[in-house]
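As given, the protein sequences belong to chains B and G, one line each in that order.
Heads up, the first sequence is in the working numbering, so the first residue is 3 and it goes up one at a time.
Heads up, the second sequence is in the working numbering, so the first residue is 4 and it goes up one at a time.
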Amino acid sequence: MTIDVVGVSKRFKSFAALDNVNLHVRSGELVALLGPSGSGKTTLLRIIAGLDWPDTGEVRFDGEDALDRSVRERNVGFVFQHYALFRHMNVFENVAFGLRVRTGADKVPDAAIRARVGELLDLVQIDWLADRYPGQLSGGQRQRVALARALAISPRVLLLDEPFGALDAKVRKELRRWLRNLHEELPVTSLLVTHDQEEALELADRVVVMGHGKIEQVGTPAEVYDSPATAFVHDFIGETLTLPTIVRDGRLFSGERALALDSQGVADGPARVLARPHDVDFADPDEAPFSGRVLAVRTFGPIRRADIEIAGVNGPFVVEAAVPHQHDLPTGGRIGLVPRRYRVFSTEASA
Amino acid sequence: MSVADLAPLPAAQPARVIRQAPPVHTEPPLVRIAIIAVALTFLALVIGLPLVLVFVQAFAKGWSTYVAALSDPDAIAAIKLTLVVAAISVSLNLVFGLVASWAIAKFEFWGKSFLITLIDLPFSVSPVVAGLVFVLLFGSQGLLGPFLQAHDIQIVFALPGIVLATVFVTFPFVARELIPLMQEQGTAEEEAAISLGASGLATFFRVTLPNVKWALLYGVLLCNARAMGEFGAVSVVSGHIRGLTNTMPLQIEILYNEYQFAASFAVASLLAFLALVTLCAKTILEHRLSTEH
Numbered sequence: 003m004t005i006d007v008v009g010v011s012k013r014f015k016s017f018a019a020l021d022n023v024n025l026h027v028r029s030g031e032l033v034a035l036l037g038p039s040g041s042g043k044t045t046l047l048r049i050i051a052g053l054d055w056p057d058t059g060e061v062r063f064d065g066e067d068a069l070d071r072s073v074r075e076r077n078v079g080f081v082f083q084h085y086a087l088f089r090h091m092n093v094f095e096n097v098a099f100g101l102r103v104r105t106g107a108d109k110v111p112d113a114a115i116r117a118r119v120g121e122l123l124d125l126v127q128i129d130w131l132a133d134r135y136p137g138q139l140s141g142g143q144r145q146r147v148a149l150a151r152a153l154a155i156s157p158r159v160l161l162l163d164e165p166f167g168a169l170d171a172k173v174r175k176e177l178r179r180w181l182r183n184l185h186e187e188l189p190v191t192s193l194l195v196t197h198d199q200e201e202a203l204e205l206a207d208r209v210v211v212m213g214h215g216k217i218e219q220v221g222t223p224a225e226v227y228d229s230p231a232t233a234f235v236h237d238f239i240g241e242t243l244t245l246p247t248i249v250r251d252g253r254l255f256s257g258e259r260a261l262a263l264d265s266q267g268v269a270d271g272p273a274r275v276l277a278r279p280h281d282v283d284f285a286d287p288d289e290a291p292f293s294g295r296v297l298a299v300r301t302f303g304p305i306r307r308a309d310i311e312i313a314g315v316n317g318p319f320v321v322e323a324a325v326p327h328q329h330d331l332p333t334g335g336r337i338g339l340v341p342r343r344y345r346v347f348s349t350e351a352s353a
Numbered sequence: 004m005s006v007a008d009l010a011p012l013p014a015a016q017p018a019r020v021i022r023q024a025p026p027v028h029t030e031p032p033l034v035r036i037a038i039i040a041v042a043l044t045f046l047a048l049v050i051g052l053p054l055v056l057v058f059v060q061a062f063a064k065g066w067s068t069y070v071a072a073l074s075d076p077d078a079i080a081a082i083k084l085t086l087v088v089a090a091i092s093v094s095l096n097l098v099f100g101l102v103a104s105w106a107i108a109k110f111e112f113w114g115k116s117f118l119i120t121l122i123d124l125p126f127s128v129s130p131v132v133a134g135l136v137f138v139l140l141f142g143s144q145g146l147l148g149p150f151l152q153a154h155d156i157q158i159v160f161a162l163p164g165i166v167l168a169t170v171f172v173t174f175p176f177v178a179r180e181l182i183p184l185m186q187e188q189g190t191a192e193e194e195a196a197i198s199l200g201a202s203g204l205a206t207f208f209r210v211t212l213p214n215v216k217w218a219l220l221y222g223v224l225l226c227n228a229r230a231m232g233e234f235g236a237v238s239v240v241s242g243h244i245r246g247l248t249n250t251m252p253l254q255i256e257i258l259y260n261e262y263q264f265a266a267s268f269a270v271a272s273l274l275a276f277l278a279l280v281t282l283c284a285k286t287i288l289e290h291r292l293s294t295e296h
């Protein structure tokens, strides 16, 4: 089932949660909505589910108006951030709920419910927990129950709100892989909200990066990581080394010194050079575009990082650079930084 | 805890001696015993002794007087009336309290904080004033008096008035018990239920109600205890018609004022007994509540 979001805006009093958002999700895709808290990603998910209503705009499932239908009628599987399991029901009844509440012509016979729930519990690999109550389960187990419950109504759209937010790192990684496999097995279009970029990049077919109620960029994980469309995306995804600069007559300057870097067509005014730490080389401090003093060098596992204090026009600032393995970097010494791959963004536009 | 207990061990002592962690409470035993003794004595004097005296007085003239006092037609009428009033007003407050707390806890609307304040009003207003309000509204000289008389409807000095006054006084019990719990539980489970295709009614009976059932029962018990014991408001609206509009508390007062101490205390002991039963049920419920959440 395709999902189309067209020109959706939503305000909460004076706060614009969503500002003219447009999004197309292809059938069978797994898309991650990624952004910091307050970026509007959960609001967008709730609007698609029918738990919130947009002030303006449209939501279409397979081209049909979804806003016409209430959340009851949309047949959307929703996995809540803190699972929202029914605390007074055991696992079996939690999963069976969506079938039990069907009445009249849609009523599901008891035997069919039993079979379907058994099937789902097998699918999420917790059939042995059927008689437990939510309070007796671990976070990962609750997550599986929440997913099985959402899948019980055979949804064609699966919406997940921070599905791994409350889990510890190890369980999270394991469930992530498992969810990806599950998505492949089922005929669903999945939309997942997360603030964890690693999760989004690893799990999703496409990533929607959101900030301040707007979509900043939509693309494959590789696209948003390697060619961020805006300074916000560059900053938010992956590690970023930020170097302030000024564009004058189409050339980059640091103070009065012209830099041997391409201004990438950015208009005159204050700007920032953004680069991934591993795309910045060390060089002779007198020849490199930026130079500074090494404050500290840290090593954890294969990664070495150096804090380098650079004397900027508006006072000194500290950047964190990646240190190659062989490179010997004495603390207190001066070092030059040469961005090899970088993007230049105007400061005004990204403010 | 003396200073010596906390002093570091001399270095010469063997390393395997483990220093005792100081207990969390640091008051000397004497102080602890004194505090507990004061509390218990106070409880015994102010609550225990009067309660015992009620029963002692009730049986002072023997079983036969006790049974006679309770089988007096006026006494039986008072007991019946009390139970009927309690049953009606508790059921009404069960419904109203549930509706009010559902509205307050699960929805955002204009005037919500005003509604919460209004729910607390019966706690802060004197019951006598509450009773007077109903007399002013429904009494023969009251606002709706002429209309009621024209249609031959009796509210004040009759069962409807007593029920109204009791409902007013006991309204906060159920709502006050439910609102914090419902607010804490939030709306996520309801949203989950609706997204799974449940109707509003199904969501209420399958999700909302089971989640608050013990708190609801607890509120109903407190409400019931107060409904049976209410004196002030009921006294104003009842009119004290013997065998007709006297509830147990009113009957007790009348008997007492007529120097029928044994009979008065007999009815009082029954009322106290009902209260004790409620208290026991409440304790059991509290235990259930604490184990479930």
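Glycine is no exception: its CB is placed at the ideal position from the N, C-alpha and C atoms.
Coil, strand or helix - S29(B) by DSSP = If you number the first sequence from 1, residue 29(B) lands on position 27. In the three-state DSSP reduction, S29(B) falls in the coil class, being neither helix nor strand.
Counted within 10 angstroms of its Cβ, other Cβ atoms place W217(G) as buried (16 or more) or exposed | As a first step, residue 217(G) is located in the second sequence; it is residue number 214 there, counting from the start. With 16 or more Cβ atoms within 10 Å of its Cβ, W217(G) is classed as buried.
Check whether the Cβ of E17(B) lies closer than 9 Å to any Cβ atom in chain G.
-> Here residue 17(B) corresponds to residue number 15 of the first sequence, with the count starting at 1. Just to set this straight, residue 17(B) is Phe in the shown sequence, not Glu. Answer no: the Cβ-Cβ gap between F17(B) and chain G never drops below 9 Å.
Buried versus exposed, by CB contacts within 10 Å (16 or more), A90(G) | Looking up residue 90(G) in the second sequence gives position 87. By the 10 Å Cβ count, A90(G) comes out exposed.
Beta-carbon spacing of A323(B), R336(B) below 9 Å | Residue mapping note: residue 323(B) aligns to position 321 of the first sequence, counting from 1. Residue mapping note: residue 336(B) aligns to position 334 of the first sequence, counting from 1. No, they are not a contact pair.
Within this structure, are the beta carbons of V93(B) and L153(B) separated by less than 9 Å?
-> Here residue 93(B) corresponds to residue number 91 of the first sequence, with the count starting at 1. Here residue 153(B) corresponds to residue number 151 of the first sequence, with the count starting at 1. The Cβ atoms of V93(B) and L153(B) lie no closer than 9 Å to each other.
Of all the options G142(B), L193(B), F255(B) and P230(B), which has the alpha carbon lying nearest to the alpha carbon of K172(B)?
-> The residue you call residue 172(B) lines up with position 170 of the first sequence. Among G142(B), L193(B), F255(B) and P230(B), the Cα nearest to that of K172(B) belongs to G142(B).
Cβ neighbours of D163(B) in the same chain (closer than 7 Å, five flanking residues each side left out) = Residue mapping note: residue 163(B) aligns to position 161 of the first sequence, counting from 1. Take D163(B), set aside five residues on each side of it, and the residues of its chain with a beta-carbon closer than 7 Å to its own are T44, L47, V81, F82, Q83 and V195, in chain order.
Which stretch, first to last residue, makes up the beta strand (DSSP E) that contains A168(G)?
-> Within the second sequence, numbered from 1, the residue matching residue 168(G) stands at position 165. For A168(G), there is no enclosing beta strand (DSSP E); the residue is part of the alpha helix (DSSP H) that begins and ends at L162 to Q188.
Taking 9 Å as the cut-off, decide whether the C-beta atoms of P1(B) and R345(B) are in contact.
-> No statement about residue 1(B) is possible, as the shown extent of chain B runs from 3 to 353 and does not include it.
Can you list, in chain order, the residues of its chain whose CB lies under 7 Å from that of F137(G), leaving out five sequence neighbours each side?
-> Within the second sequence, the letter at position 134 stands for residue 137(G). Here the set comprises V159, G164, L167, A168 and V240.
Within the same chain, show all residues whose beta-carbon is closer than 7 Å to that of V73(B), passing over the 5 residues directly before and after it, in chain order.
-> What you label residue 73(B) is simply residue 71 of the first sequence in a count that begins at 1. Counting only residues of its own chain and dropping the five nearest sequence neighbours on each side, V73(B) has a CB closer than 7 Å to the CB of A51, G52 and L53.
9 Å Cβ cutoff met for G42(B) and D21(B) | The residue given as residue 42(B) occupies position 40 in the first sequence. The residue given as residue 21(B) occupies position 19 in the first sequence. Less than 9 Å divides the Cβ of G42(B) from the Cβ of D21(B).
Using a Cβ cut-off of 8 Å, pull out every chain B residue sitting near V210(G), in sequence order please.
-> Here residue 210(G) refers to the residue found at position 207 when the second sequence is read from its first residue. Simply F88.
Please confirm if A196(G) has its CB atom under 9 Å from at least one CB of chain B.
-> Within the second sequence, residue 196(G) is the residue found at index 193, counting from 1. Yes - at least one Cβ of chain B is within 9 Å of the one on A196(G).
Could you tell me which chain B residues have their CB closer than 8 Å to the CB of P130(G), listed as they occur along the chain?
-> Counted from its first residue, the second sequence places residue 130(G) at position 127. From the beta-carbon of P130(G), no residue of chain B is found nearer than 8 Å; the closest lies around 37 Å away.
With a CB to CB cut of under 6 Å and the five nearest residues on each side skipped, what residues in its chain are close to V220(B)?
-> Against the first sequence, residue 220(B) aligns to sequence position 218. Non-local beta-carbon contacts of V220(B) in its own chain, meaning distances under 6 Å to residues more than five positions away in sequence, involve V210 in chain order.
Counted within 10 angstroms of its Cβ, other Cβ atoms place W105(G) as buried (16 or more) or exposed | In the second sequence, the residue the question calls residue 105(G) occupies position 102. Its Cβ being crowded by 16 or more others within 10 Å, W105(G) is buried.
Candidates I244(G), F176(G), Y221(G) and I257(G), of which the one nearest A103(G) by Cα = Residue mapping note: residue 103(G) aligns to position 100 of the second sequence, counting from 1. Comparing C-alpha distances from A103(G) to each of I244(G), F176(G), Y221(G) and I257(G) shows the shortest one belongs to F176(G).
Taking only beta-carbon atoms, is G127(G) less than 9 Å away from chain B?
-> For this step, residue 127(G) is matched to residue 124 along the second sequence. Residue 127(G) is actually Ser in this sequence, not Gly. It does not: the Cβ of S127(G) has no partner Cβ on chain B nearer than 9 Å.
Any idea which residues DSSP pairs G317(B) with across the strands?
-> For the purposes of this step, residue 317(B) is taken as the residue at position 315 of the first sequence. Beta-bridge pairing links G317(B) to G314(B).
Would N96(B) be called buried (16 or more neighbouring beta carbons within 10 Å of its own) or exposed?
-> Residue mapping note: residue 96(B) aligns to position 94 of the first sequence, counting from 1. N96(B) comes out buried.
Are S265(B) and G338(B) close, meaning C-beta to C-beta below 9 Å?
-> As a first step, residue 265(B) is located in the first sequence; it is residue number 263 there, counting from the start. As a first step, residue 338(B) is located in the first sequence; it is residue number 336 there, counting from the start. No.
8 Å Cβ shell around D207(B) - same chain, five flanking residues per side excluded = What you label residue 207(B) is simply residue 205 of the first sequence in a count that begins at 1. For D207(B), where only same-chain residues beyond five positions count, the Cβ hits under 8 Å are E31, L32, V33 and T222.
Distance between beta carbons of G100(G) and L199(G), contact taken as under 8 Å | Position 196 of the second sequence, counted from the start, is the residue given in the question as residue 199(G). Position 97 of the second sequence, counted from the start, is the residue given in the question as residue 100(G). G100(G) and L199(G) do not touch by the CB rule: their CB atoms are close to 28 Å apart, not below 8 Å.
Sort F126(G), A153(G), G189(G) and D75(G) by Cα distance to M251(G) and report the nearest one.
-> What you label residue 251(G) is simply residue 248 of the second sequence in a count that begins at 1. Residue D75(G) is the option with its Cα nearest to M251(G).
Got a sec? Which residues, its chain only, sit under 7 Å from Q254(G) by beta carbon, not counting five neighbours each side?
-> Here the question's residue 254(G) lines up with position 251 in the second sequence. So the list reads D77, A78, A81 and V270, once near-sequence residues are dropped.
Using the beta-carbon of each residue, which ones in chain G are nearer than 8 Å to R104(B)?
-> Residue mapping note: residue 104(B) aligns to position 102 of the first sequence, counting from 1. What R104(B) touches in chain G: G200.
Ranges of the alpha helix (DSSP H) found wholly within the region 140-175 of chain B, counting only runs of at least 4 | With a minimum length of 4 residues, the continuous alpha helix (DSSP H) runs that stay inside the region 140-175 of chain B are 141-153.
Contacts of E30(G) in chain B (Cβ-Cβ under 9 Å) | On the second sequence, residue 30(G) is found 27 positions in, with the first residue counted as 1. Those do not exist, as E30(G) stays about 36 Å from chain B at its closest Cβ, beyond 9 Å.
Output the residue ranges of the alpha helix (DSSP H) runs that lie fully inside the region 193-238 of chain G and measure 4 residues or longer, sorted by chain position.
-> Fully enclosed alpha helix (DSSP H) runs of 4 or longer: 203-206 and 212-232.
Just to confirm, are L263(B) and P287(B) a CB contact at a threshold of 9 Å?
-> Position 261 of the first sequence, counted from the first residue, corresponds to residue 263(B). Position 285 of the first sequence, counted from the first residue, corresponds to residue 287(B). Not closer than 9 Å, so no.
One or two residues paired with I50(B) in a DSSP bridge | Your numbering for residue 50(B) matches position 48 in the first sequence. Bridge partners of I50(B): none, in fact.
At 9 Å on the CB atoms, spell out the chain B contacts of P149(G), in chain order.
-> Against the second sequence, residue 149(G) aligns to sequence position 146. At a beta-carbon threshold of 9 Å, none of the residues of chain B lie near P149(G); the nearest stands roughly 49 Å away.
If V126(B) sits next to G59(B), beta carbons under 8 Å apart, how far is it from one beta carbon to the other, in whole angstroms?
-> For the purposes of this step, residue 126(B) is taken as residue 124 along the first sequence, with counting starting at 1. For the purposes of this step, residue 59(B) is taken as residue 57 along the first sequence, with counting starting at 1. A Cβ-Cβ distance of about 34 Å is found for the pair V126(B) and G59(B), leaving them out of contact under the 8 Å criterion.
Between which two residues does the beta strand (DSSP E) harbouring M1(B) extend?
-> Outside the shown range of chain B, which is 3 to 353, sits residue 1(B), and nothing can be said about it.
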